[in-house]
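Using this note's numbering, the letters of the sequence shown map in sequence onto residues 711 to 1024.
Glycine included, each C-beta is placed from N, C-alpha and C at the ideal position.
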Amino acid sequence: MTLPNRWLLVALIVVFKCQAQQEIHVDAAAQTTPFPHFWEQMFGSGRAILALRESYRNDLRAVKQITDFRYVRFHAILHDEIGVYNEDEHGNPVYNFAYVDEIYDGLLKNGVRPAVEIGFMPKKLAFNPDALHPFWYKHNVSPPKSWEKWDGLMTALARHLVERYGENEIAQWYFEVWNEPNIDFWNGIPREKSYFELYDHTARDLKQVSPRVRVGGPATAAAAWVGDFLKHASDNDVPVDFVSSHGYADDTVEDLFGTNEDIPMDDRVCRAIAKVRTQIKNSAFPHVPLLWTEWNVPGMKGARDTSYVGPALA
């Protein structure tokens, strides 16, 4: 038994010794109800280019066989390493969706659909080409230098996907605008207002190609901005088909809730989800679904990657 597992066993023994004895009655004849594994519907998966690797696809098939998950979400489908956007010597946009096709073909061939995270900014389309995130693959987090060129890229991408996969297929995907714009994944100024402008353009561009495309946001860290986002969309007649946000167990209580309450880590994500659900219910979009597209245990190295974290979460 490894040292971490020994400590887990010791911890469990201590917990059970401290608990008072309880008697539990189970009615084995009672009617059962399904227990949907909602946490197995969508998986987060690094960045887009990894999906071109055969090792990635082998892992995809293995996880699909065990969980029958339906969607995978990854960053950076517009990263320069995918080669989607370029400009000729006259500054005219040049699009190339070859790698996008290979990536999405590989998912669909294995019975998985993409939850498309729209980002990040191609360098030649960026207002600030040097606005690079500290992640090692250095994606650009700048707003576009031209809304006309951004609109052109979005409509070209959507049109290409509809033509390649069909409107009925694309209508079953999700298109999430950006990733965590409330922190350092977006450097528009002011952050919230500039992100809303990005969302407005993107949502309208996609819907222009097909009203059946499902688009949503704000894809924020720490369950932020949802109320403001929905009010903005309602006030400006911007389409919203779903709400998305993120929350981690080690997000601070102040970041998640704006309070100094004492909320244990193991309750923060559930409380954050409840907060966002209430904001949706009280908005002009009370029936849109919530996609919690990132969540996890604390990022402490000693616990995060151990064998017991997955079963404990489930």
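Inset, instruction - Take every Cβ of the stretch 906 to 925, pair it with every Cβ of the stretch 964 to 975, and state whether three or more of those distances are shorter than 8 Å. - result: no
Legend entry - In chain order, each beta strand (DSSP E) run of at least 3 residues that lies wholly inside the stretch 777 to 832: 781 to 785, 795 to 797, 803 to 805 and 823 to 828
Legend entry - Backbone secondary structure at residue 887 - three-state DSSP: strand
Legend entry - Residue range of the alpha helix (DSSP H) that includes residue 937: 936 to 945
Inset, instruction - Could you please give me the residues that DSSP links to residue 956 through a beta bridge? - result: 1004
Inset, instruction - May I have the straight-line CA-CA distance separating residue 932 from residue 901, to the nearest angstrom? - result: 15 Å
Inset, instruction - Count the C-beta pairs between the stretch 805 to 823 and the stretch 782 to 792 that are closer than 8 Å, then say yes if the count reaches three, no if not. - result: yes
Inset, instruction - List the endpoints of the continuous alpha helix (DSSP H) containing residue 904. - result: 901 to 919
Inset, instruction - Find out if the Cβ-Cβ distance for the pair residue 887, residue 926 is shorter than 9 Å. - result: yes
Inset, instruction - Flag this pair as touching only if the stretch 915 to 923 and the stretch 851 to 859 have three or more C-beta atom pairs under 8 Å; answer yes or no. - result: no
Legend entry - Own chain residues within Cβ distance below 6 Å of residue 723, not counting five before or after: Its pLDDT being 37, under 50, residue 723 is placed unreliably in this model, and the coordinates cannot settle the point.
Legend entry - Inter-residue Cα distance where the pair is residue 876 and residue 868: 11 Å
Legend entry - Through-space distance from residue 733 to residue 829, alpha-carbon basis: 53 Å
Legend entry - For residue 842, the residue or residues it bridges with in DSSP: 850
Legend entry - Contacting residues, own chain, Cβ-Cβ under 7 Å from residue 1004 (five flanking each side not counted): 754 and 956
Legend entry - Three-state class that DSSP yields for residue 991 in the structure shown: helix
Inset, instruction - Report yes if the C-beta distance between residue 895 and residue 942 is below 9 Å; otherwise report no. - result: no
Legend entry - Residue(s) in a DSSP beta bridge with residue 927: 953
Inset, instruction - Please report how far the alpha carbon of residue 1018 lies from the alpha carbon of residue 985, in whole angstroms. - result: 29 Å
Legend entry - Segment contact flag, the stretch 943 to 950 with the stretch 990 to 998, C-beta cutoff 8 Å, min 3 pairs: yes
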